[in-house]
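Novice: For the protein sequence lines, the chains are D and G, in the order given. Take 1 as the starting number for the first sequence in UniProt numbering and just add one per residue. Take 1 as the starting number for the second sequence in UniProt numbering and just add one per residue. The C-beta atom is built at its ideal place from N, Cα and C for all residues, glycine as well. Treat the numbers as computed from the prediction; the structure is a model and nothing was measured. One structure is given below, represented as structure tokens, and several questions about it will come after.
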Amino acid sequence: MAELTEVVVPDLATDPEDVRRPFRGLVRRPGFVVPAVLVLVLMIIALLPGPVAGLFGHGDPTVCDLGSSGDPPRAGHPFGFDIQGCDLYANVVYGTRSSLAVGVLTTVLALALALVIGLVAGLIGGWADFLLSRLTDIFLGFPFLLGAIVVLNSVGQRSVLTVSMTLALFGWPTMARLVRGSVRSVRGADYVLAAHTMGLGWWRVVTRYILPGAVAPVLVVATITVGGVIVAESSLTYLGIGLQAPAISWGLQLSDASDQFQNAPHLLWFPSLFLAVTVLSIISLGDTLRAALDPKQRS
Amino acid sequence: MITGRTALRVGQRLLGLVVVFLGVTFVIYLMVFSLPGDPIRALGGDRPLTETVIANLRAEYHLDEPVGEQYLRFLGGLLHGDLGTSFTGRSVTEQLRERWPVTIVLALTAWVFEIVLGVGLGILAALRRGTVIDKGVLAATIVLSAIPVFVLGSVAQLVFGVRLGWFPVAGSREGWPISFILPGLVIAVFGLASVSRLTRGSMLEGLGADYVRTARSLGVPPRRVVGVHVLRNSLIPTVTYLGTDLGYLLGGTVIVEGIFNLPGVGNLLVTSIRAHEGPTVVGISTALIVIFLLTSLLVDLAHGLLDPRIRRG
Chain D
1 MAELTEVVVP DLATDPEDVR RPFRGLVRRP GFVVPAVLVL VLMIIALLPG PVAGLFGHGD
61 PTVCDLGSSG DPPRAGHPFG FDIQGCDLYA NVVYGTRSSL AVGVLTTVLA LALALVIGLV
121 AGLIGGWADF LLSRLTDIFL GFPFLLGAIV VLNSVGQRSV LTVSMTLALF GWPTMARLVR
181 GSVRSVRGAD YVLAAHTMGL GWWRVVTRYI LPGAVAPVLV VATITVGGVI VAESSLTYLG
241 IGLQAPAISW GLQLSDASDQ FQNAPHLLWF PSLFLAVTVL SIISLGDTLR AALDPKQRS
Chain G
1 MITGRTALRV GQRLLGLVVV FLGVTFVIYL MVFSLPGDPI RALGGDRPLT ETVIANLRAE
61 YHLDEPVGEQ YLRFLGGLLH GDLGTSFTGR SVTEQLRERW PVTIVLALTA WVFEIVLGVG
121 LGILAALRRG TVIDKGVLAA TIVLSAIPVF VLGSVAQLVF GVRLGWFPVA GSREGWPISF
181 ILPGLVIAVF GLASVSRLTR GSMLEGLGAD YVRTARSLGV PPRRVVGVHV LRNSLIPTVT
241 YLGTDLGYLL GGTVIVEGIF NLPGVGNLLV TSIRAHEGPT VVGISTALIV IFLLTSLLVD
301 LAHGLLDPRI RRG
């Protein structure tokens, strides 16, 4: 028995060398390094907005002076002032947190839902698979933004949590399909059968032998989802059904700016710049990872 | 032409559509009515309504019935083209009817931009493969697609409308095409990355194909090789994508109509959201979702006709 264990256990899917192979050499590519560094910087800003906002000496986004309402940039206030006379730089920096929080929280929730539904559908098959697949179809039938509009329209208190939950409700189907597909493709593989035969518990088989192969492609989609969710959140907030006033978010700043940009275009430029750079770095990060995973593009 | 197998495929697809349609509308209904918050009380604003008024309004909008019954009533109305009544007493269908033309014109304008620019850039990138032009097209389209539509719209409005004065800042007073060019471009830009990439990819595949090499070696002029032999076969994936995209373009009009103040369906949706017109929001979203589903069905069927492999597979 000891011999057999030694022969069977080091299977391909969990061997760290093999899982990492597609990503080897990634670190040297500018297409990976630049967005990765940007995302890292943005994450630091989101976690520690205080010190970053305080760089120019006026770090409190709630200290406002109506006398400076809509003033253009000047010394100590690199981005100028918003309509309430608050420092725009501090507000944009603090806005990073809500955007990234919604992006990451939504994706984590959607990913969890997708893993559970994809696993159950893929493993159990039969009627459970049929029901869950139709459910996936139904949620895929919603155009993302319209579905979110319908739900958020009737949510009274819209916070980071409720907005994320709503977006996650419409964000899981693509990932669930991916998980289901990968699970079905390895369900009957020899090494999974071997693991079962050896008497390993089903939980161990699932987490150590079935999931690792399914996770890499899903994580790529999840990365891109974060970018898409940030766009969706800011668009919904702009429409007036995303985050609400006491929250500080790019969507709210841009929504305010849209009435004022003829007199104070800097209100539009700076939050837009942050939003676009964030989304662009996240999406290109996902894109590079996808290219690395795609054997057709890897030579 | 229509064989038994095609009929079966169409039938299956239609059945699937019905299931998805029922599911989607039911999910909308369930979510809207099981969520906390009372639309009737919200109607009164800060001033509380009396119990009698609330009871009357509830009865009027059938809010006192169980969710299942309300859903069936909603579905019945939908089959008759009735999308409900707004809290101000106007029929949602009636309001939509006046606004569809603007939205359809806008979506089609955006679609034409997407086709011309996307396919054009894709062909250009494929013919100049590996050069600065190729990389520039890729980079530019990705950067543009990462900018949220409402940011792009506001920036375009500021630069081309206010500063340069090339296009009207907002409104549809000057009619088609001048009032629709800027909003149409803004919507189209989002899809450029996918369309040009798809076109480039299949063009490259086509350029390397045996029959193209044969045509070249026979001395067919390059222009004809690309125009007749490569393009015709390479465009099938792009055509499919463009078909599905028409549904998404309708969604894109929602925000852009709001920014450019075009009196379309999307603009109505935006104003209804801001005015807390719950029934109108649900009615419009449902209409848009139904159109989205129908478009994807049509594209699917058309795709089967274009590509015999799909029809027989």
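Note down the Cα distance separating glycine 11/G from isoleucine 138/D, rounded to an integer number of angstroms.
Specialist: Between glycine 11/G and isoleucine 138/D, the C-alpha separation is close to 18 Å.
Novice: Inspect the CB distances between the stretch 241 to 249 of chain D and the stretch 280 to 291 of chain D and report whether three or more fall short of 8 Å.
Specialist: No: fewer than three Cβ pairs fall under 8 Å.
Novice: Does any residue of chain G have a CB that is nearer than 8 Å to the CB of glutamine 262/D?
Specialist: Yes, contact with chain G.
Novice: Give a yes or no on whether 8 Å exceeds the smallest Cβ distance from glycine 251/G to chain D.
Specialist: Yes, its Cβ sits closer than 8 Å to a Cβ of chain D.
Novice: Going by DSSP, name the residue or residues bridged to histidine 77/D.
Specialist: Arg74/D.
Novice: Does the CB of glycine 54/D have a neighbour CB from chain G at under 8 Å?
Specialist: So, not an interface residue.
Novice: Kindly indicate if chain D contains any beta-carbon less than 8 Å away from that of valine 105/G.
Specialist: Valine 105/G does not count as touching chain D.
Novice: Measure from the alpha carbon of glycine 95/D to the alpha carbon of each residue in Leu178/D, Leu293/D, Ser272/D and Leu280/D, then state which is nearest.
Specialist: Nearest of Leu178/D, Leu293/D, Ser272/D and Leu280/D to glycine 95/D, Cα basis: Ser272/D.
Novice: For isoleucine 241/D, which residues in chain G fall below 8 Å Cβ to Cβ?
Specialist: Chain G residues near isoleucine 241/D: Ile273.
Novice: Following the continuous alpha helix (DSSP H) through tyrosine 211/G, name the residue where it begins and the one where it ends.
Specialist: Note, tyrosine 211/G: alpha helix (DSSP H), 210 to 217.
Novice: From glutamine 157/G to arginine 187/D, what distance separates their C-alpha atoms?
Specialist: In a straight line, the C-alpha of glutamine 157/G is about 54 Å away from that of arginine 187/D.
Novice: Examine chain D for any beta-carbon lying closer than 8 Å to the beta-carbon of glycine 23/G, and answer yes or no.
Specialist: By this cut-off, glycine 23/G is an interface position.
Novice: How would you call residue 342/G, buried or exposed, if buried means at least 16 neighbouring beta carbons within 10 angstroms?
Specialist: Because chain G is modelled from 1 through 313, residue 342/G falls outside the range shown and cannot be assessed.
Novice: Looking at the structure shown, is residue 304/D part of a helix, part of a strand, or coil, going by DSSP?
Specialist: Outside the shown range of chain D, which is 1 to 299, sits residue 304/D, and nothing can be said about it.
Novice: Go ahead and label serine 255/D buried or exposed: buried means 16 or more other beta carbons lie within 10 angstroms of its beta carbon, across all protein chains shown.
Specialist: So serine 255/D ends up on the buried side.
Novice: What runs of the alpha helix (DSSP H), each 4 residues or longer, lie entirely inside the stretch 86 to 160 of chain D?
Specialist: List check, alpha helix (DSSP H) in window: 88 to 124, 126 to 140 and 144 to 153.
Novice: Which bits of chain D does phenylalanine 260/G rub up against, with CB to CB less than 8 Å?
Specialist: Within chain D, no residue comes near phenylalanine 260/G; the closest Cβ sits about 11 Å away, beyond 8 Å.
Novice: What are the residues in the stretch 261 to 281 of chain D lying within 7 Å of chain G by C-beta distance?
Specialist: From the stretch 261 to 281 of chain D, only Phe261, Gln262, Pro265, Leu268, Ser272, Leu275, Ala276, Val279 and Leu280 have a Cβ closer than 7 Å to chain G.
Novice: How far does the alpha helix (DSSP H) with glycine 175/G in it extend, from its first residue to its last?
Specialist: It is not in any alpha helix (DSSP H) - glycine 175/G carries neither H nor E in the DSSP assignment.
Novice: Just the Cα atoms here: how many angstroms apart are leucine 113/D and leucine 219/D?
Specialist: Cα to Cα, leucine 113/D sits roughly 14 Å from leucine 219/D.
Novice: So the alpha helix (DSSP H) alanine 189/D belongs to, where does it begin and stop?
Specialist: Careful: alanine 189/D lies outside any alpha helix (DSSP H) and carries neither H nor E.
Novice: At what residues does the alpha helix (DSSP H) containing aspartate 245/G begin and finish?
Specialist: Looking at the DSSP string, the run of the alpha helix (DSSP H) that includes aspartate 245/G is 231 to 260.
Novice: If the cut is a Cβ gap below 9 Å, which residues of chain G does valine 163/D touch?
Specialist: Residues of chain G passing the Cβ test: none, with the nearest at roughly 14 Å.
Novice: Do proline 148/G and leucine 275/D count as a contact pair if the criterion is CB distance below 8 Å?
Specialist: Contact flag set, yes.
Novice: Give the residues from the stretch 221 to 232 of chain D that approach chain B closer than 8 Å (Cβ to any Cβ), ordered along the chain.
Specialist: Although the question refers to chain B, the structure presented lacks it and instead comprises the protein chains D and G.
Novice: Using Cβ-Cβ distances below 7 Å, what residues of the stretch 279 to 293 of chain G are close to chain D?
Specialist: Residues Val281, Val282, Ser285, Leu288, Ile289, Phe292 and Leu293.
Novice: Rounding to the nearest angstrom, what Cα-Cα distance links methionine 203/G and valine 189/G in this structure?
Specialist: Looking at the two C-alpha atoms, the distance is approximately 21 Å.
Novice: What in chain G is Cβ-close to asparagine 91/D, meaning under 7 Å?
Specialist: Those within 7 Å of asparagine 91/D in chain G number zero; the least Cβ separation is about 16 Å.
Novice: By a C-beta neighbour count over all protein chains shown, 10 Å radius and 16 as the cutoff for buried, is alanine 7/G buried or exposed?
Specialist: Exposed, by the Cβ-count rule.
Novice: Can you find a C-beta in chain G that's less than 8 Å from the C-beta of serine 133/D?
Specialist: It does not: the Cβ of serine 133/D has no partner Cβ on chain G nearer than 8 Å.
Novice: Which word fits serine 99/D, buried or exposed, when buried means at least 16 other C-beta atoms lie within 10 angstroms of its C-beta?
Specialist: The residue is buried, with at least 16 neighbouring Cβ atoms inside 10 Å.
Novice: When you compare only the Cα positions, how much space is there between valine 299/G and leucine 48/D?
Specialist: Whole-angstrom Cα-Cα distance: 48 Å.
Novice: Relative to the C-alpha of glycine 184/G, which candidate in Phe26/G, Val143/G, Arg173/G and Gly252/G has its C-alpha closest?
Specialist: Closest by alpha carbon: Gly252/G.
Novice: Consider the Cβ of leucine 88/D: report whether some Cβ of chain G lies at a distance smaller than 8 Å.
Specialist: Chain G contact via Cβ: absent.
Novice: If you drop the 5 nearest sequence neighbours on each side, which residues of the same chain put their C-beta closer than 6 Å to that of aspartate 87/D?
Specialist: Excluding positions up to five away in sequence, the list reads His58 and His77.
Novice: Can you look up serine 296/G in the DSSP assignment and give me helix, strand or coil?
Specialist: Three-state result, serine 296/G: helix.
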